[in-house]
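Asks:
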Amino acid sequence: MLEIRDLNSHYGKLHVLRDINLQIGNESVGLFGPNGSGKTTLINAVMGLWKPTSGSINFNEEDITNIDTYNIARKGIALVPQERELFPGMNVQENLESGAAYIPHAKDELESSLENVYSIFPILKERSKQLAVTLSGGQQRMLAVGRALMAKPKLLILDEPSLGLQPSLVSELFEKLAEMKETVSILVTEQNVRESLKAVDRGYVLENGSVALEDSAEGLSTNPHVIKSYLGL
Amino acid sequence: AGGQGEQGEQVEQGEQAAEKDPIKLGGVWPLADITGDQGSKAAQLAVEEINANGGVLGRQLELSVIDSELKPEKGRSAIERLATVEDVDIFVGGMSSGVHLGQIPSLKKYEKVTMWTGAASSKAEEAVGPDADWYFHLHPWDYTQGQSYVDGWGDISEKYPEIKVSDWFLAYEDGAFGTGSFQASQNLYTELGEMTGESFKSAATGGGDYTAVLEHAKEYGPEVFIWAGYDADALPMLETAKAIDFAPPIYLGAPPGWPQGFGESPLSNYVMLYGMWAPSMNSVSGVSKHFYEAYTGKYDGEPQTYFAPLSYSAIYILKEGIERAGTLEKEALIEALENTEYDSPLGQTIGFSPSNIIQHQGIWGQKILQWQNGKREVIWPFEYQTAEPVYPFPGWDER
Amino acid sequence: MKTSKNLQLTIVGIAAAIGILLILWKPSVLIYGLQGAGLYAAVALPMALILGIVGIINLAHGEFMMLGAYLAYWFSTQFGIDPLLAMIPVLISMGIVGVITYKTTIHRVLGAPELNQLILTFGIAMVLSQVVNLIATSQPRKLSLDYVTASAKVGELSFGTYDFIFVAAAVLFLAGLLFFLRRTKLGKAAVAVGQNPKGARLVGINVDRTYLIIFSIALGLLGIIGTLFLTSHSIFPLVGGSYTMKSFCLVAMAGIGQLKPILWGSLALGVSESFIMSFQGYGGWADIVFFAIIVIVIISRAYKRTES
Amino acid sequence: MSKYIKTIVMAAVAVLAVAFPFYTGAYPQSIAQSVLTYMILAVSWDMLLRTGQISFGIAGFFGIGSYAAVLSMLYLNLPPMLTILIGGIIAGAIAGLLGIAVLRLRGMYFAIVTLAVAEIFRIIMTNLKGFTGGPEGELLPQLIFQGNPYLTYYLMFGMAVLTIIISEIFLRSRVHYALTAIRNDEIVARSSGVNIFKYLVIIFIVTSVIQGMTGGINAQTYGFVTPESSFSLDYTLLPLAMALLGGIYGTMGPVVGALLLGIVSEYLKLYIPYGHLVIYGIIVVIVILYMPQGIVGLAARIRKAGARNE
Amino acid sequence: MSKLVLQSLTKRFGGLVAVNGVDLEMTEGEILGIIGPNGAGKTTLINLISGIHVPTSGNVFFDGKDISTFPAHERSKMGIARTFQLIHPLENLTALQNVMIGFMFAQGMNQKDAGVAAQKTCESLKLEHVERDVGQLTILETKKMEIAKTLACGPKVLFLDEVMAGLNSDETKDLIETVKRIAQEHNLAIGVVEHVMGVIKMLTARVIVLDAGEIIAQGPYNEVSQKPEVIKAYLGGEA
Ligand SMILES: Nc1ncnc2c1ncn2[C@@H]1O[C@H](COP(=O)(O)OP(=O)(O)OP(=O)(O)O)[C@@H](O)[C@H]1O
Ligand SMILES: Nc1ncnc2c1ncn2[C@@H]1O[C@H](COP(=O)(O)OP(=O)(O)OP(=O)(O)O)[C@@H](O)[C@H]1O
Ligand SMILES: [Mg+2]
Ligand SMILES: [Mg+2]
């Protein structure tokens, strides 16, 4: 489904991604690594938000390396960005609807998707007329996840989705993701490695911009390096 | 004009110039404005004509023009440059009293002979002061202009007793030009009768709503309705007048210029106007005819403002003055200029005499004209009359 | 909630009362005020559109209107057609001007700080007005059209009716824009882009094209207004400047991104200006009322916000 | 090392500027005078910008200062230097009063309100005919220093030096941190103990005093005021463009921008008498498109790039 | 004596009651956990204490003084400091300069002293790269800088709004130690908002649980986390 080959990326002179190779099939994949290791940069490259210096990204056999973000979104990749990127002046429902309205294969199922999102995050239904800007931090995170789900993606990318969510919702979210991986491919970055390992099939560990480790969820959770650096708490 | 032309000329005149330098004139106009654009071009025309006829005292004239951009500080720098870098002998130019106020200190510093074509505000006259014998002002002052109208209407009502001119309503734009006109005329017109007035915001300065002022004028019901605004106001104001059905017996405009194609509008017929010059003058003045043909021949398009013949005149007055003085020496030149009797394309013969403050005022008044079938016909002074006045201004439904 | 409803009702009530009083006492104030308001609103709406969505304060706003007016003049004199008919080619030409301007300049400063955009459009304004000046000179132009002087008579009062065309234009623009932004897909996308361009890209909106379209629509509207403006006003190269400033004021008074309040704001300004001018000799103060209302509205809104 | 060089360069420029009138003619001097005027306005505008507030009201305070100087001389017969000070004080006092209400506004709202207020000043001056001379303005019986061009140049030069010094003090002292914090994030600034309002009011008053005094000097130099010329929108827009083209948030940018645009506009006009404004506009557009950080920003970037290559 | 006392503090946004009649006392040296579901009102509570919002009703007392209506900058000078859930480092300044601001304006130091003091604070937090522009810091460094900024205000009471969010476990441990140390060194009352229960467990002696603006439970974390209402509203399932 997604295939990244020899990807390199720079911010000015800073070499952030080094020869990244990564594949995602019909599965759920975790992307772990310390802060600043380049996870967000990698995701931005996939979404066309940041042009890589070299390498290629293929989605369903199609080269999307130099395609505009909006087109990538329409091809079926949805992102829950770390910074959420909501529409502050729209209310909750309008934000959700915007997630489906511009994606050809999603707009016809807008109503059912909306029900689905509301059932995952009931608070959003309660607040459906509240402006996004006045939501609390965690509520905004839910809205961002919800908006991405509205797009009926083939590949769903979540950049630290649990950040700021209350514990009960974190487990619920990962349960939900685990359920969804039957129908949607998932790429998720998380600091909460423990929870997320429950939801993914495989994982990559990114360190200093290179893939340091690649293994199944089980393999990772027993890997001493991972245990020491990422599962300590 | 300007830098490039200069260089070309210098090369050309290389050999003879050694003993006979050109006489340098420095001109300052707002070149992006139609007045300055055409004024400077008409002056250049005069220079070229004179040079083609052998120049002055055997020397060529050379005109350097700098843009004042209608800004006092730019106008002043232009004077400074002309005086020190170009080293001109004489200053010409002018438009806008505001710019002139900024230039007067510099003009006074150099005390070179100055032949000014613009600035009607008596504030400028005050700033020049009584001692500036080198200062020659062609354009009428606001008050002399006002007096000329009073004289004109007096003459007209005497010759055509049916024309009534004792009740006046003056609509004036709220800037310096309109306010100055109103203040200057308010006292003078008592000779004729009563005058009241109200200001409006000219379209030229972002206004253009004449309903209120015309309503008030209509309520007042004057015998003469006069407006002092800009060319941009001319037609819209007439349209508003028609819309609110205001048709005074005399509808009179006193803008410095008229919009393109004003005469072609059916509304313009029988509007009266104050002005210094119009193409119809060609039939009564040979100089005017010559000027008109030369101008339209050299530049495409008619002279649209009187600043063209006025600037043209300024150059010729200087030429004659220098010839009479036989030198560029200041005292002699001033004396010669004082004796100017220049038969101008504006019709009148220009000479200089003291006005309220300054010593050398050239033109004192404007003419009274009337738009008739697309042409500006001169009504007064009678010696230049080109057509009989049509009176009264026909009502809107009678057209 | 309730108090603000009550407040609104009171304000509407007071406004209605003032309106009725005016109709009885000086009907012309209302008529001319309305006509003036129509022009203000019609010119300001496209500026609000560009500001709200593309996020640019367009200091060349009035100059684009001027350009539209000159184009209309050119079309109608060149082909001998009525300027109102020329509206169609002008609309198209201004749309193209919009595309060109966007592609060559605006597009490149979208990421830059707002001040850069401000000065860029200031430069564009200068180029536009000066190029027109070089070609057409500063001498005003005005078409003389019979229908412009259409008038109506009610009792003693005779007034021009043509300028109601600006009221119609303003209302149509507003209705059209609201419909466009709320009901059409492109319009909704534009709103999203206005609020968060990055978010908009992520949900599949072509942001660059949206900007381009909105900018061109706004210039197209300016072409229409320019044409209408030409029918009843003189045009000259610098005619746009004061409309930029007034639109800018109105847009701020309405609040960034707001369209409807522009109509109310214009009405308030138009009527109060007309009211002041109806007193002979006080016309000079009409401008002060314009700016004072703007200052008061903006400041009091800021206070209201900090209170809640 | 580089600090030395900077000081030497600054000293050299200062010496040059002081000696300027002695080896140039009246023409460059008059250009310099107007460049200095715009330079002061540009620097003072930038000083307020450092708080994040974009003022469109420069012309307002400049005009107020001009009128205050001329009217206080006409009516109270005060010595010219004093009237300039009065121009500054009145502009500052008005800024103080206004600031209390206006400085709660941000962004475009602040910009518009300052613009509107400047217009209100102009309209008042136009309409108070008996007091201010109305649209035709007022004349001074004589110019400051009897019109001596050297002294007027030094007066404006002194004002520019003063403005630059104040600007530099603000850049090097605590004030700089307060202003930068306010510009970046007011809530963070407040939570770090910065009294936002106090600093905004101080800067607003200081810059208005500077603008008012500059207006006063200008009026005394030219010997007249009119609403149209004293409140000209040029005094707002040109300094803004100059600061931006030179580079904002510092003293150097506005100074360089004023010098450059001031000289370029004069130069263009001599070579392209009809139509130079088109070129001027194109230059503004091109600079913004290709040097978004202004000239000083570009120079800094080049210097950095050079350093990296070493 | 209690440093900070809240008395039936309430804040409404239109129809929504974000904080509802909260009573609370905090004393020196205490680290208090503030937990609760998303939208419970935690951030709003901090905003009320630090003066970003004005309470709809109720009072905030500090050192026995009612400061409910004091502006934010004055509260900061009195010793109430906080970080922000969405961090906004001051750009165009270096990390060190960011820290200096508090010393200069909340504590009134001059530039030089503030520089020295900021340097010391950064060292004590093991914050390196202080000469870098804030944009170039890592997340951990940024978070430390945020804490340093609050310390620079000379706080007596300090609120940390989700400072640990987004850190990995090593970094989280590092920061927990740091917070503990500063609490002791400066004898601070610290309020910590976190959704990572590991942090709350390790760091706090007492927690309050907010739900829909009200305190529904308080006490040591181990006790509180057993309460069914807390599990239901917040922790969920078996956690
Ligand atoms: N816009 C930018 N300009 C310069 N450097 C950047 C930019 N964005 C990120 N970086 C740097 O690139 C590196 C990788 O950043 P990235 O955000 O991809 O990391 P990450 O793994 O997502 O970290 P986190 O867990 O903190 O989100 C970091 O060193 C960061 O400082
Ligand atoms: N300005 C506002 N206008 C309207 N409602 C608001 C505003 N600010 C906050 N709220 C609402 O108040 C409630 C409390 O918000 P707050 O940010 O305090 O929650 P929180 O406990 O910090 O949540 P989180 O854990 O998600 O950060 C939320 O329901 C939020 O939607
Ligand atoms: Mg990241
Ligand atoms: Mg929160």
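Protein chains in written order, with my numbering: chain L, 1 to 233; chain X, 1001 to 1399; chain F, 2001 to 2308; chain E, 3001 to 3310; chain H, 4001 to 4239. Heads up, the beta-carbon is just placed ideally off N, CA and C, and yes, glycines get one too.
Counting only Cβ-Cβ distances shorter than 8 Å, please list the residues of the stretch 2178-2193 of chain F near chain L, keeping chain order.
Replies: For the stretch 2178-2193 of chain F, which is checked against every Cβ of chain L, the residues closer than 8 Å are K2185, K2188, A2189, V2191 and A2192.
Asks: Run through DSSP, which three-state label would Q1359 (chain X) get?
Replies: coil
Asks: So, using beta-carbon positions, are L220 (chain L) and L197 (chain L) closer together than 8 Å?
Replies: yes
Asks: Going by the C-beta, is I139 (chain L) closer than 7 Å to any heavy atom of ligand 2?
Replies: The identity of residue 139 (chain L) in the sequence shown is Gln, whereas the question assumes Ile. Q139 (chain L) Cβ: within cutoff of ligand 2.
Asks: Interface residues of chain E around E1073 (chain X) at Cβ under 7 Å?
Replies: S3034
Asks: Around the Cβ of K4126 (chain H), are there at least 16 other Cβ atoms within 10 angstroms (buried) or fewer (exposed)?
Replies: Within a 10 Å sphere around the beta-carbon of K4126 (chain H) sit fewer than 16 other beta-carbons, which makes this residue exposed.
Asks: Beta carbon of F4013 (chain H): closer than 7 Å to some heavy atom of ligand 2?
Replies: True, at least one ligand heavy atom lies under 7 Å from that Cβ.
Asks: Let me make sure I understand the geometry here. Which of E:A3160, E:G3107 and E:I3272 has the alpha-carbon closest to that of E1065 (chain X)?
Replies: Looking at the sequence shown, residue 1065 (chain X) is not Glu but Val. When each option's Cα is compared against that of V1065 (chain X), the closest is E:I3272.
Asks: With a threshold of 7 Å (Cβ to nearest heavy atom), would A144 (chain L) be considered close to ligand 2?
Replies: no
Asks: For the beta strand (DSSP E) containing M1272 (chain X), name the first residue and the last one.
Replies: Note, M1272 (chain X): beta strand (DSSP E), M1272 to G1275.
Asks: Can you tell me whether D4161 (chain H) sits near ligand 4, meaning its C-beta is under 7 Å from at least one heavy atom of the ligand?
Replies: yes
Asks: Any beta-carbon of chain E closer than 8 Å to the one on C3957 (chain H)?
Replies: Lying outside 4001 to 4239, the shown extent of chain H, residue 3957 (chain H) is not represented and no answer is given.
Asks: Can you name the residues of chain C whose CB is closer than 7 Å to the CB of T3226 (chain E)?
Replies: Included in the structure are the protein chains L, X, F, E and H, with no chain C among them.
Asks: Using the Cα positions of D1087 (chain X) and I1079 (chain X), report the straight-line distance between them to the nearest angstrom.
Replies: Using only the alpha carbons, I get a separation of about 10 Å.
Asks: List, in order along the chain, the chain X residues whose C-beta lies closer than 9 Å to that of Y2032 (chain F)?
Replies: The answer, in chain order, is D1209, T1211, A1212 and E1215.
Asks: What residues in the stretch 80-113 of chain L have a beta carbon less than 7 Å from any beta carbon of chain F?
Replies: Listed by position along the chain: P81, E85, L86, F87, P88, G89, M90, S98, G99, A101, Y102 and I103.
Asks: Determine the DSSP secondary structure at G1008 (chain X), reduced to helix, strand or coil.
Replies: The pLDDT assigned to G1008 (chain X) is 44, lower than 50, so where the model puts this residue is not dependable; a value taken from the coordinates is nonetheless given after this. Helix, per DSSP.
Asks: Kindly indicate which residue of X:K1020, X:E1293, X:T1205 and X:G1253 has the alpha-carbon position closest to the one of V1056 (chain X).
Replies: X:K1020
Asks: Any heavy atom of ligand 2 closer than 7 Å to the beta-carbon of L3980 (chain H)?
Replies: The requested residue 3980 (chain H) does not occur in the structure, where chain H is confined to residues 4001 to 4239.
Asks: Please tell me whether, using a cut-off of 7 Å, the distance from the CB of Q82 (chain L) to the nearest non-hydrogen atom of ligand 5 is below it.
Replies: With respect to ligand 5, the structure shown offers nothing to examine, as its ligands consist of ligand 1, ligand 2, ligand 3 and ligand 4.
Asks: Starting from E1062 (chain X), follow its DSSP beta bridges and name the residues at the other end.
Replies: X:K1024
Asks: Of all the options L:P52, L:V29 and L:P81, which has the alpha carbon lying nearest to the alpha carbon of A178 (chain L)?
Replies: Minimum Cα-Cα distance from A178 (chain L) among the listed residues L:P52, L:V29 and L:P81 corresponds to L:V29.
Asks: Quick one: what's got a C-beta closer than 7 Å to A4118 (chain H)'s C-beta in the same chain, skipping five residues either side?
Replies: L4096, V4099, M4100, F4103 and A4152
Asks: Quick one: which residues of the stretch 18-35 of chain L get their C-beta closer than 9 Å to a C-beta of chain H? List them in chain order.
Replies: Going along the stretch 18-35 of chain L in chain order, one finds F32, G33, P34 and N35 with a Cβ nearer than 9 Å to chain H.
Asks: Name the DSSP bridge partner or partners of H10 (chain L)?
Replies: L:H15
Asks: Mind pulling the chain L residues with CB within less than 9 Å of G4013 (chain H)?
Replies: Checking the sequence, you will find Phe at residue 4013 (chain H) rather than Gly. Under the 9 Å cutoff, chain L gives T134.
Asks: Classify K1074 (chain X): buried if its beta carbon has 16 or more other beta carbons within 10 angstroms, exposed otherwise.
Replies: By the neighbour-count rule (16 or more Cβ atoms within 10 Å), K1074 (chain X) is buried.
Asks: Give a yes or no on contact between the stretch 1030-1048 of chain X and the stretch 1307-1324 of chain X, applying the rule of three or more CB pairs nearer than 8 Å.
Replies: yes
Asks: Since S1185 (chain X) meets chain F, which of its residues come closer than 8 Å, beta carbon to beta carbon?
Replies: Near S1185 (chain X) there are no residues of chain F at all, since even the closest Cβ is about 17 Å away, more than 8 Å.
Asks: For I1143 (chain X), which residues in the same chain have their Cβ closer than 8 Å to its Cβ, ignoring the five residues on either side in sequence?
Replies: According to the sequence as given, residue 1143 (chain X) is Tyr; it is not Ile. Counting only Cβ-Cβ distances below 8 Å, and skipping sequence neighbours, we find S1122, A1184, L1188 and N1356.
Asks: For I3295 (chain E) and I3263 (chain E), what's the separation of their Cα atoms in angstroms?
Replies: Rounded to the nearest whole angstrom, the CA to CA distance from I3295 (chain E) to I3263 (chain E) is 15 Å.
Asks: DSSP three-state call for L3078 (chain E): helix, strand or coil?
Replies: coil
Asks: Measure the C-alpha to C-alpha separation of G1229 (chain X) and R2183 (chain F) and round it to an integer number of angstroms.
Replies: Rounded to whole angstroms, G1229 (chain X) to R2183 (chain F) spans 47 Å at the Cα level.
Asks: By the 10 Å Cβ neighbour count, where 16 or more other Cβ atoms means buried, how is A1119 (chain X) classified, buried or exposed?
Replies: Buried, by the Cβ-count rule.
Asks: If you run the structure through DSSP and keep just helix, strand and coil, what is G55 (chain L)?
Replies: strand
Asks: What residues come near ligand 1, if near means a beta carbon less than 5 Å from any of its heavy atoms?
Replies: For ligand 1, the selected residues are L:Y11, L:V16, L:N35, L:G36, L:S37, L:G38, L:K39, L:T40, L:T41 and H:I4139.
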